[in-house]
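Data first, discussion second: the structure below is written as structure tokens.
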Amino acid sequence: MRLAVENLHASLGGARVLRGVSLAAEGAQFVGLIGPNGVGKTTLVRAVAGLIPFEGAVTLDGAPVSAMSPRARARAISYLAQGEGSHWPLEISRLVALGRLPHLEPFHRASPADEAAIERAIALAGVHEFVGRDVLTLSGGERSRVLLARALAVEAPLMLVDEPVSALDPYHQLRIMEVLRAYADEGRMVVAVLHDLTLAARHCDRLILLDNGKIKADGAPRDVLTPQNLRETYRIEAMIGEGDEPFVLPVRRAE
Amino acid sequence: MTRPPLPSWMVNLSLAVLTALLFAASIYIGRGGELLADKFETISAVDRDIAWLVLTEVRFPRALLGLLVGATLGLTGAGLQGLLRNPLAEPGLIGASGGAALGAVLVFYSGLAAGTAMFVPVGGVIGAVVALAVLYLLAGRNPSIVTIILAGVAISAFTGALTSLALNLSPSPYAALEIVFWMLGSLTDRSMVQVWFVLPFMGLGWLLVASTWRALDALSLGEDTAATLGFSMRSVTARAILGTGLAVGAAVSVTGVVGFVGLVVPHLMRPLVGQRPASLLLPSALGGAALVLAADLFVRIPVNGPELKLGVVTSLIGAPFFLWLILRTRREAP
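The listed protein sequences correspond, in order, to chains A and B. Per the working numbering, the very first residue in the first sequence carries number 27; after that it's consecutive. Per the working numbering, the very first residue in the second sequence carries number 95; after that it's consecutive.
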């Protein structure tokens, strides 16, 4: 699977948010999309998912996503929205089963292949213990994992995840990152919008740092999370841990 | 709400049997609880043709219309609650039923209703279609769901005002009374011609609403997620709104306003089949049909005095039930 974004421009309510983003990614990898608030991370992910109009080109294996049928696109790209939630008190396995909707033929029930995919997603996200419960009775961390399982169940070659770990405690943050890592290790591509730089540094294969609608840096975590990049984009000074246990600890504002 | 206690085919089958029983009862039981068999004994001694006429021209259209209108209200209520992700949505929300009521009232007002019984439903359907066209113009080419609700509320308010104006200006108190009584909603004295007239609109409306069933499930997780699960939100919204407008507009144009069925029936069905919007559509259609048929049986039980109007009875049952729902929700709230 090869994802290519070429000279992408996009606007939100008249304001230019993305000004010429180009990137290419191929094969199994876990890409972290980082950058301060308002630089266009979510807009980039939503453009790739086909949710907003844009100028430029987004292609999957050479095929433009904007020319794909909604169903074909839904099978190729799964998307977990920021702060996604359920409007109805759905039972967990039925909620996860919604991820198979792009694969269901009209007037057909879920096939054994769909059931197997649902089982795999439930196992990968580790939400088996919640099966039978109503999603609205789960805690925030448990609910995030169930919604992630829904996105995993699509089994799309590309998964876009928008801020999957915000508002979670450290334990649940780690669990989500491990699930995303495992999904990528199965041979798929994961692109996640992240704010926690330490989690990004420790779990991602590659980081893309956005600043002001453009790509500021793109590469291995240690090459992207440099003191200079952090100062220029995030306007912070940080303690950066190198070696086997990398970390980024923001310590003060850089003015 | 965890897994529903019963498999959904069992719920659907039970509801279908209940609806069939009520349908048969609606044909069999007459004014004041009079039974068909007793009546036929007296009539058929005189003239078998009259008996047959009563059955096919009076009882059958009434029962059939009850079935169709109830199914329409239940189905579109469940569909609209799923589309808007709001348990308080009801089919009248989008303004088509207000338009249908206004169209029918204008027929009464202009005196055309005296011509043939067909003018009223024709006026109603025209009113519903005009209301839908105005909704489309107001909401714009790529409408958000909020815009549609706001436009629907505006249309409902305006058609309501125009209906009141027609009442206000009506030439005689009898004309005004006729309009008011029609608006209260009733299945009495409807003909097979009227049933045949509204059936295509209802049928098309049902198909359009039913075609969105999987998208309604996907919408449980929000519009963006539904779009990335392969559903074109524009097409889904258009189908659900147009289908609801056509079916409910046709229903209102022939029976007047039958309130609360579309709002309450999906709530009655949720504990039985679970919360998934798609699994609610069929049970709500069957449950709506059963409720309207039962209410229509109820209105004909009293022997003396004026017959109760169907819309009055459904609201009398529906409103307290809704209050009970509120109390239950309040108890369950953390």
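The C-beta atom is built at its ideal place from N, Cα and C for all residues, glycine as well.
- For a cut-off of 8 Å, the C-beta gap from V250(A) to L235(A) is around 5 Å, short enough to register as a contact.
- Taking the Cβ atoms as the reference, G173(B) lies roughly 23 Å from G197(B), outside the contact range of under 8 Å.
- Within the segment 351-394 of chain B, the complete alpha helix (DSSP H) segments of 4 residues or longer fall at 355-367 and 371-393, listed in chain order.
- Collapsing the DSSP output to three states places F325(B) in coil.
- Between A36(A) and S192(A), the alpha-carbon positions lie close to 25 Å from each other.
- For T259(A), the three-state secondary structure derived from DSSP is helix.
- Following the DSSP letters along the chain, one finds T85(A) in no alpha helix (DSSP H) but inside the beta strand (DSSP E) bounded by residues E81 to L86.
- Counting only Cβ-Cβ distances below 9 Å, G171(B) has no contacts in chain A at all, with the closest Cβ about 15 Å away.
- In the three-state reduction of the DSSP assignment, D195(A) falls in the coil class.
- By the C-beta criterion, the segment 373-385 of chain B is judged to be in contact with the segment 166-182 of chain B, since at least 3 inter-stretch pairs fall below 8 Å.
- For the segment 284-305 of chain B, there are no residues whose beta carbon sits under 7 Å from a beta carbon of chain A.
- Assignment of D160(A) by DSSP, reduced to helix, strand and coil, places it in the strand class.
- For the pair V74(A) and V57(A), the CB atoms are not nearer than the 8 Å cut-off.
- Secondary structure at R171(A): helix, using DSSP grouped into helix, strand and coil.
- In this structure the segment 149-157 of chain B does not lie against the segment 291-300 of chain B, because fewer than three pairs of beta carbons, one per stretch, are closer than 8 Å.
- Residue range R28 to L38 is occupied by the beta strand (DSSP E) that includes N33(A).
- Neighbours of P79(A) across chain B, judged by C-beta separation under 7 Å, do not exist; the nearest C-beta is about 10 Å away.
- Each of E81(A), V161(A), A182(A) and V84(A) was checked against the Cα of G213(A), and the nearest Cα belongs to A182(A).
- Along the segment 144-177 of chain B, going in chain order, the ones with a CB nearer than 9 Å to a CB of chain A are G176.
- Within 7 Å of the CB of R370(B), the CB atoms of chain A belong to L116 and R120, in sequence order along the chain.
- Beyond the five residues adjoining it in sequence on each side, A208(A) comes within less than 7 Å, by CB distance, of L150 in the same chain, given in chain order.
- Judged by pairs of C-beta atoms under 8 Å, the segment 329-345 of chain B touches the segment 303-311 of chain B, as three or more such pairs exist.
- Using a Cβ distance threshold of 8 Å, H129(A) and R101(A) count as a contacting pair.
- One Cα belongs to T282(B), the other to L162(B), and the distance between them is close to 14 Å.
- The C-beta of R179(B) comes closer than 8 Å to at least one C-beta of chain A.
- Listed in chain order, the positions of the segment 305-331 of chain B with a beta carbon within less than 7 Å of a beta carbon of chain A are R308, D311, A312, S314, L315, G316, D318, T319, A321, T322, L323, G324, F325 and S326.
- Unbroken beta strand (DSSP E) runs of no fewer than 3 residues, entirely contained in the segment 70-120 of chain A, are found at 81-86 and 103-106, following chain order.
- The continuous beta strand (DSSP E) containing S48(A) extends over residues A41 to E52.
- For G353(B), the CB contacts under 8 Å within the same chain, skipping 5 residues up- and downstream, are G186, G279, G405, T408, S409 and G412 in chain order.
- Inside the segment 185-235 of chain A, DSSP marks whole alpha helix (DSSP H) runs of 4 or more residues at positions 196-211 and 223-229, from first to last along the chain.
- Distance between T257(B) and R284(B), taken at the CA atoms: about 22 Å.
- For L59(A), the enclosing beta strand (DSSP E) has its first and last residue at Q55 to I60.
- Residue pairing by DSSP puts D244(A) in a beta bridge opposite I234(A).
- The beta carbon of R97(A) sits closer than 8 Å to some beta carbon of chain B.
- L229(B) and G246(B) do touch by the CB rule: their CB atoms are close to 6 Å apart, below 8 Å.
- Nearest to G267(A) by C-alpha distance, out of T259(A), V277(A), E258(A) and Y260(A), is V277(A).
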